[in-house]
Amino acid sequence: MHITINLKMYWAHYYRCDGSLGTCPSAVEDNITLTTGTAQLMDHNFNSVVSYQYFTDKLYIKISGFCVSCGQLTLNWFLLPSTSTCSTATTVSGTFPNNNLQQTLTGLTLQVNRGYKVSIQASDMRNNAAQLVCTGVVHIKKSNHNTG
Numbered sequence: 002m003h004i005t006i007n008l009k010m011y012w013a014h015y016y017r018c019d020g021s022l023g024t025c026p027s028a029v030e031d032n033i034t035l036t037t038g039t040a041q042l043m044d045h046n047f048n049s050v051v052s053y054q055y056f057t058d059k060l061y062i063k064i065s066g067f068c069v070s071c072g073q074l075t076l077n078w079f080l081l082p083s084t085s086t087c088s089t090a091t092t093v094s095g096t097f098p099n100n101n102l103q104q105t106l107t108g109l110t111l112q113v114n115r116g117y118k119v120s121i122q123a124s125d126m127r128n129n130a131a132q133l134v135c136t137g138v139v140h141i142k143k144s145n146h147n148t149g
């Protein structure tokens, strides 16, 4: 009996994340802790951090450490010029389709001889947003070499 009660309490605690468990008052919700991580622009094999590349239509990003204590984690990205502060002020943005450590942003129009960085913002199921995290800068070069 004691084990059954603990199991019920465990499940009530687990599902209270969204405040919609049938046996709990609807106003009861668990706190959600949102943790930011890090993001790095990588070569196309995800082996090393890059400072320049020749691709003008994609960026390769390695993310790690982002987590949420309850519910679903959403990671939004924002493409920025290298001179910009870390922000969400851009017309080129999106949401990562999953929380894999290796992400490829495709369909971009990156200009040769310009630098770019990506800001990432994590949010929880209640749309609470964590502090922005920015990658380093990558410069787009016209070259026969892949990245560096």
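With the numbering used here applied, the sequence shown corresponds to residues 2 to 149, in that order.
A virtual CB, placed ideally from N, CA and C, is assigned to each residue, including glycine.
Since this is a predicted model, take the numbers as computed values, not measurements.
*Where does P166 fall in DSSP's three states?*
Here the chain covers residues 2 to 149 and nothing more, so residue 166 does not appear.
*Neighbourhood of D58 by C-beta, 8 Å cutoff - its chain only, sequence neighbours within 5 removed*: T107, G108, L109, T110 and L111
*For V50, count neighbouring Cβ atoms within 10 angstroms of its own Cβ and tell me buried if that reaches 16, exposed if not.*
A residue is called buried when at least 16 other Cβ atoms come within 10 angstroms of its Cβ; V50 does not meet this threshold and is exposed.
*Can you tell which of T36, L74, L35 and A40 has the C-alpha that lies nearest to the C-alpha of Q104?*
A40
_Pairwise C-alpha distance: C135 and I121_ = 6 Å
*Cα-Cα, which of H140, T92, A123 and L80 is closest to N114?*
H140
*Can you give me the Cβ contacts of M1 inside the same chain, cut-off strictly under 6 Å, excluding the 5 residues immediately before and after it?*
Because the chain is modelled from 2 through 149, residue 1 falls outside the range shown and cannot be assessed.
_Distance between beta carbons of C68 and L133, contact taken as under 8 Å_ = 16 Å between Cβ atoms; not a contact.
*Same chain, Cβ closer than 8 Å to M2, five either side skipped, listed in chain order*: Interpretation of M2 is limited by its pLDDT of 34, a score under 50 that renders its predicted location unreliable; no figure is taken from the coordinates.
*Could you give the residue range of the beta strand (DSSP E) that holds H140?*
V139 to I141
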